[in-house]
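Following: one structure in structure tokens, then a few remarks.
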Amino acid sequence: CAVFIITLFNWCAICSLSQVLDTRDVQVFKVTVNGQEAQFAFGEKRYALLGQEAIVEISFESSPQSSALQWFTPEQTSGKKHPFLFSQCQATHCRAIFPCQDTPAVKLTYYAEISVPKELVALMSANRDGEAPDPEDSTRQDLPFQPERKCSRLVVGALESRKIGPRTLVWAEKELVDKSAYEFSEAEAMLKTAEDLAGPYVWGQYDLLVLPPSFPYGGMENPCLTFVTPTLLAGDRSLSNVIAHEISHSWTGNLVTNKTWEHFWLNEGHTVYLERRIGGRLFGEQFRHFQALGGWRELQNTINTLGDKNPVTNLVINLDEVDPDVAYSSVPYEKGFALLFYLEQLLGGPDVFIGFLKAYVQQFAYKSIVTEDWKNFLYSYFKDKVDVLDKVDWNSWFHAPGMPPVKPTYDMTLSNACVALSQRWIQAKESDLGSFGSADLKGMSSHQLIEFLALLLLEAPLPLSHVQRMQEVYDFNAINNSEIRFRWLRLCIRSKWEEAIPLALKMATDQGRMKFTRPLFRDLYSFDKSQDLAVKTFLEHRASMHPVTSMLVGKDLKQDQ
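Using the working numbering, read the sequence shown as starting at 1 and increasing by one per residue.
Structural data, given as structure tokens:
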């Protein structure tokens, strides 16, 4: 457990008359205000600042069981020699590291000094003081951002870096750093494209850090230091859209932020939109539409899983007495994107709508907002098209569960081959299986293989003979691309192929990205031949999982309330 002292300047500018901080599993030893010891208590307001500027120092200790921190033994790392630590604070876990106002409504700056053993490196979501980190590292973040995600972003490990651009280092353990440098070498091109679309990049450096496999997300958009999962290391840069997504958050999420988690779509919907605009610039407009259609399929899959009457599928959700981690899904990402893509087509096309996005970022930079702020600005920007906007069914888009009320128009050029092949398999009889061969996949990209499998997952499970034949002719078991492998194994388990059970369990536990781990465990739990083994395997691996992943998979497998 570490003991820290934090100093907060001009606190009254943030919290007016009273200082109320969130905590979870944090032991507070002492609080001083302007050098004078102050009383403090948990659970009620006990102190007022009376509006003056103040320096508040809090001496505290985090818990070894902090939900924001994951500690690794040397055996759990790639190098097997040194321990490793990383923090993950979204959505409400920053309070489990230190007392703070743990809400995206609050933005602040910070300065940190960190002491670590000389063989380890400490990194934070901030600009480093100096060219290279020292054993006693100093980092500074002089631009305001919200504490619930960013200010406590910390990693300590035996890390190396490679320079992949004029403002970008990629960090990883020695065993992965060169592979990571190759995989993410397009970062600077993505940054330049994003700047052209959304305005200047204000955060200085843009570094990438590849975390251990248990990291629960694809990426996390910390200012100056994006965290990413090693499941992106496909070897062919085919999963680099996640980097475009995290880069886009530098404008929509970090610069303009949702004020509460009910309005999470403001962060994610705009970020997916900008991510796909970057992809369109770099790889063509047909590719942008292909990715957008894939997102629509992902939204269909999510809503099929959650239920089309489930209120957590609303774009603007009610989180009263609901843990944001439990409500987390692809809905704010893909339903939010679908709304913006629909509005793009309604209001004049890509060139017109990107002007709105850039103006939106300029209008609300360094602020936290709600949906009504966004909508009012939309009407103000398109004041000559109010009649068009008034025809939008805003209530259904924002407050109705299930799929959106309108489906945007998609260019199907790159999707047609995926649709045609998926339909062949869906309609095939036993006597038709001999007509399939490896040539079916000739010319199809990794993205198209992902879409082909995603289309099959939207349908009723294929007969077991079909997936067995698919393995014979396509050999999907030999593919290591995580997105392809994930969908393939889900398809096998849903078709009740017992030989796939150990492969699915291995993927569910070798990495901890919730996008993969939770659906795989749910599918295994739903299959009578693997239900008990799924629970047993989860319980055996639970201690090495990220706390949030452990909590949510425990609920999925009915091990926790």
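Note that the Cβ used here is the ideal one computed from N, Cα and C, for glycine as well.
| Query | Result |
| --- | --- |
| As assigned by DSSP and simplified to three states, the class of residue 566 | An answer regarding residue 566 cannot be provided, because it is not within the stretch 1 to 561 covered by the chain. |
| Counterpart residues of residue 492 in DSSP-defined beta bridges | Answer is none; residue 492 lacks a bridge partner. |
| Opening and closing residue of the alpha helix (DSSP H) in which residue 527 lies | Careful: residue 527 lies outside any alpha helix (DSSP H) and carries neither H nor E. |
| Residue 10, DSSP secondary structure in three states | The predicted model places residue 10 with a pLDDT of 44, which falls under 50 and marks its position as unreliable; any figure quoted below should be read in that light. If DSSP states are grouped into helix, strand and coil, residue 10 belongs with coil. |
| Backbone CA spacing between residue 240 and residue 375 [nearest angstrom] | 31 Å |
| N-terminal and C-terminal residue of the beta strand (DSSP E) that residue 426 is part of | Counting along the chain, residue 426 falls outside any beta strand (DSSP E), though it belongs to the alpha helix (DSSP H) covering 416-427. |
| Residue 394 in three-state terms, based on DSSP | helix |
| Proximal residues to residue 280 (C-beta, below 7 Å), its chain only, five neighbours per side dropped | 287 and 288 |
| Whole-angstrom distance between residue 368 and residue 464, CA atom to CA atom | 50 Å |
| Residue 406 versus residue 301 - alpha carbon distance | 17 Å |
| Sheet register partners of residue 384 (DSSP bridge) | The partner list for residue 384 (beta bridge, DSSP) is empty, contrary to what the question assumes. |
| Best match in 72, 431, 79 and 93 for proximity to residue 214 [C-alpha to C-alpha] | 72 |
| Those residues which DSSP pairs with residue 70 across a bridge | 86 |
| Contact set for residue 415: own chain, Cβ-Cβ below 7 Å, skip 5 residues either direction | 290, 293 and 451 |
| Own chain partners of residue 557 with C-beta closer than 7 Å, once the 5 adjacent residues on each side are dropped | 521, 525, 534, 535 and 538 |
| DSSP beta-bridge partners of residue 162 | 170 |
| Residue 475, DSSP secondary structure in three states | coil |
| Three-state secondary structure assigned by DSSP to residue 217 | coil |
| Residue 317 classed as buried or exposed, judged by whether at least 16 other C-beta atoms fall within 10 angstroms | buried |
| Rounded distance between the beta-carbons of residue 193 and residue 208, thought under 8 Å | The Cβ separation is near 17 Å, so there is no contact. |
| Run of the alpha helix (DSSP H) containing residue 273, from where it starts to where it stops | 264-283 |
| Residue(s) in a DSSP beta bridge with residue 226 | 208 |
| Own chain partners of residue 488 with C-beta closer than 7 Å, once the 5 adjacent residues on each side are dropped | 453 and 476 |
| With 16 other Cβ atoms within 10 Å as the buried cut-off, status of residue 516 | buried |
| Where residue 504 falls, given that 16 or more other Cβ within 10 Å makes a residue buried | buried |
| Chain B contact for residue 470 (CB, 9 Å cutoff) | As a matter of chain content, chain B is missing from the structure shown, which is built from one protein chain. |
| Span of the beta strand (DSSP E) around residue 154 | 154-157 |
| Rounded C-alpha distance that separates residue 21 from residue 552 | 26 Å |
| Buried versus exposed call for residue 111 [16 or more other C-beta atoms within 10 Å across all chains shown] | exposed |
| Nearest-angstrom beta carbon gap, residue 78 and residue 173 [assumed within contact, 8 Å] | 4 Å |
| Residue of 401, 108, 283 and 353 minimising C-alpha distance to residue 332 | 401 |
| Alpha carbon of residue 511 to alpha carbon of residue 544, nearest angstrom | 10 Å |
| Under 9 Å between C-beta atoms of residue 253 and residue 268 | yes |
| Residue 323 beta carbon less than 9 Å from that of residue 92 | yes |
| Within 9 Å, strictly: CB atoms of residue 167 and residue 191 | yes |
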